[in-house]
Each structure stands twice: as structure tokens, then as C-alpha cells.
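> Shown below is the structure under consideration.
In this note's numbering, the protein residues as written are 1 to 333.
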């Protein structure tokens with residue numbers, strides 16, 4: 001009799017514990033909104049959730065890096081487009097200076113070329129997010145140190161260099177570039193990188209100074225006579241000087257093609273990077289949906305399970321109270 005009773009009680013207690021466990025699980029799902037909260041709940045599912053979260057985290061970091069690189073590239077593209085427009089202004093002024101009817105305006109046109117040249121240097125010294133746009137990998141002030149006649153820590157600087165004094169350059173005006181020609185790359189896949197900066201020589205010509213030197217030559221030619229004196233209203237360009245100016249105009253046109261070619265390359269980078277960002281974000285959206293299916297509890301279902309487990313538990317307790325003996329008298333009947 002004792003064995004039979006003990007067996008019944010053990011079975012009853014096991015069932016009771018299972019009902020309580022179900023109730024606690026349903027209550028936990030409602031409280032946390034999660035199907036599992038510890039490895040003991042479902043080791044296989046926990047490992048799958050961890051893998052999904054790890055992949056999502058890597059993708060988020062990858063997407064952030066891609067987006068930052070994309071933004072940098074778009075800024076460089078826009079800045080170069082501004083540079084190209086300003087260079088075109090300089091070329092138009094040079095056309096005016098080559099026009100024989102503007103001989104009495106050469107000094108003014110020369111000053112206009114100088115002003116546009118200074119604007120172009122400012123554009124070349126542009127910064128974004130605390131970094132120089134066109135200086136290779138030397139992107140901060142502390143990474144650039146002036147030497148000789150240089151006076152600042154900007155990538156490009158117009159200086160008056162005594163060693164550059166000569167015909168049509170009485171002040172020795174010249175341009176200095178202090179950055180480097182290194183690429184800044186971003187990883188786009190396990191096997192490929194994408195260059196997201198402009199190497200200055202790719203946009204501004206040989207030594208990153210060619211286009212500026214062309215405008216310096218044009219400025220000096222239009223502003224000064226061969227002996228270094230400033231042109232007066234009667235000092236027209238000679239035929240040889242006019243021919244030289246036309247040659248400089250042709251050189252500037254070539255430089256514009258170089259700048260526009262680099263703008264086109266950057267445009268291609270922007271398209272590819274935008275596509276990558278969209279792909280990574282789309283993949284993460286799908287992974288989050290899968291993670292939600294694996295991790296998130298169905299609130300309605302959990303509420304129904306909780307109600308069912310409460311009902312079953314109460315019924316079990318009532319049944320147990322009526323079936324299991326409550327005192328020693330039951331054993332001596």
C-alpha cells in the first residue's frame with residue numbers, strides 16, 4: 001500500500017512541477033518578450049540567436065564604415081565640381097585677356113585671375129569632418145609641417161619664392177603642396193577595396209600643382225611685362241604673348257578634363273558604395289526578421305499558455321487535495 005501511494009504521490013508531484021514550470025515559462029515570455037533567456041531553455045536556439053546577433057552586429061559596423069566612406073566620397077565629388085566651376089571662371093577671364101579689344105583691361109583681368117586662383121587654393125584646402133579633403137593621408141594640421149618660405153599647415157599654399165623670380169614673375173609667385181599621394185581605401189568585400197579619396201595629382205595634375213601653375217603663369221603674363229613692370233593701359237599683349245596665353249588656355253582646358261575625369265570616377269564610386277550600403281541594410285533587415293522569429297515571444301500565445309497553465313495547475317491542486325490523504329487517520333482505516 002505504501003509503495004502504491006508513494007508512486008502516486010511522486011507522479012502527481014512530477015506533473016505538478018511540470019505545470020508550474022509551464023506557468024513560469026509563460027509568465028517569463030510575457031515579462032521579457034523573449035522565448036528563451038538562458039542556454040538551459042533551449043541550447044540550440046540560444047546558439048542560433050547568438051550567431052544571428054553577431055552577424056547583424058558585424059553588418060551594422062560594416063554598413064557604418066561604408067556609409068562614412070560614401071559620405072566622404074560625395075563631399076569630395078561636390079568639392080571637385082566646385083573647383084571645376086571656379087577653374088572655368090579663370091579660363092573665361094583668360095579668354096577675355098586674349099581678346100585684342102581688352103588690351104586696356106589687362107591689369108584688371110590679371111587681378112581677377114589672381115583672385116580666382118586664390119579661391120581655387122581655398123577649395124583645394126577644404127576640410128570635412130576635421131580632415132583635409134585633398135592631402136592624401138596627411139589629413140590633419142598636425143600632420144603637415146611648413147618648410148622654407150611656407151607659412152601655414154594647409155595642404156596648398158601660394159608663396160612668394162625668391163628662387164621663382166624671373167621673366168613675367170617679378171614676385172616669385174608659386175604654389176606649394178605639402179600633403180602626400182597615398183590612397184585611403186575602404187574594404188568592400190573579403191577580397192576587394194575601394195579607393196574613396198582623390199589622389200591630388202589625379203585631379204590637379206603633375207605634383208598636384210600643375211593646374212595652379214598654369215594660372216600663375218596666366219596671371220603673370222597678363223599682369224606684368226617681361227621686365228617685371230605692371231602693365232599699363234597701353235601695354236597690350238604682343239603676338240608672341242597672345243600665342244603663349246592661348247597655349248595656357250589650352251593647358252587649362254586639359255586640366256579641366258582631368259578634373260572632370262576624376263569627378264566621373266568618384267561618381268562611379270558613389271554608385272557602387274550606395275549599392276553596397278543598400279545591400280547590407282537589406283540583408284540586416286532580413287536577419288532581424290529571422291532573429292525576431294527565433295527570439296521574440298508571441299504575446300497572445302504566451303498569454304493563452306499562461307491562462308491554460310494556471311487553470312491546469314489549479315485543477316491539479318484541487319484534485320490532489322481530494323485524492324491524497326491529509327492525515328495519519330487515513331492510514332489506519
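Even for Gly, the Cβ is constructed at its ideal location relative to N, Cα and C. No experiment lies behind these values; they were computed from the predicted model shown.
Look at residue 289 and residue 255 and say whether their C-beta atoms are less than 8 Å apart.
No.
> Looking at the secondary structure, which residues open and close the beta strand (DSSP E) in which residue 150 lies?
Where residue 150 is concerned, there is no enclosing beta strand (DSSP E), given that its DSSP letter is neither H nor E.
> Where residue 228 and residue 218 are concerned, what is the direct C-alpha to C-alpha distance, given to the nearest angstrom?
Answer to the nearest angstrom: the Cα atoms are 14 Å apart.
> Checking 8 Å against the spacing of the C-beta atoms, do residue 115 and residue 259 come in under that value?
No.
> Counting pairs of Cβ atoms below 8 Å between the region 93–111 and the region 149–160, do you hit three or more?
Touching, no, given that fewer than three Cβ pairs across the two stretches are closer than 8 Å.
> Should residue 73 and residue 271 be called a contact, given that it needs their Cβ atoms to be closer than 8 Å?
Going by C-beta atoms, residue 73 is not nearer than 8 Å to residue 271.
> Within this structure, are the beta carbons of residue 97 and residue 245 separated by less than 8 Å?
Result yes, Cβ atoms of residue 97 and residue 245 sit closer than 8 Å.
> Pop quiz: residue 243 and residue 221 are said to be a contact at Cβ under 8 Å. What is the actual Cβ separation, rounded to whole angstroms?
With a Cβ gap of about 11 Å, residue 243 and residue 221 do not count as contacting.
> Let me check understanding here. Comparing Cα to Cα, which of 234, 212, 75, 224 lies closest to residue 175?
Cα-wise, what sits closest to residue 175 is 212.
> Confirm, please, whether the CB-CB distance from residue 184 to residue 108 is below 8 Å.
Not a contact, by the Cβ cut-off of 8 Å.
> Tell me which same chain residues have a C-beta within less than 6 Å of the C-beta of residue 124, skipping the five on either side of it?
If we look at residue 124 and ignore the five residues flanking it on each side, its Cβ neighbours are 134, 156.
> Rounded to a whole number of angstroms, what is the C-alpha to C-alpha distance between residue 143 and residue 204?
Their backbone Cα atoms lie some 21 Å apart in a straight line.
> For residue 231, does the three-state DSSP call read helix, strand or coil?
Note: residue 231 maps to coil in three-state DSSP.
> Ignore the nearest five residues each way along the sequence and tell me which others in residue 277's own chain have a CB closer than 8 Å to its CB.
63, 66, 67, 70, listed in sequence order.
> For residue 202 and residue 268, I'd like the C-alpha separation in whole angstroms.
Cα-Cα distance, rounded: 15 Å.
> Can you check which of these residues, 182, 54, 90, 172, is closest to residue 111 by C-alpha distance?
Minimum Cα distance to residue 111 is reached at 90.
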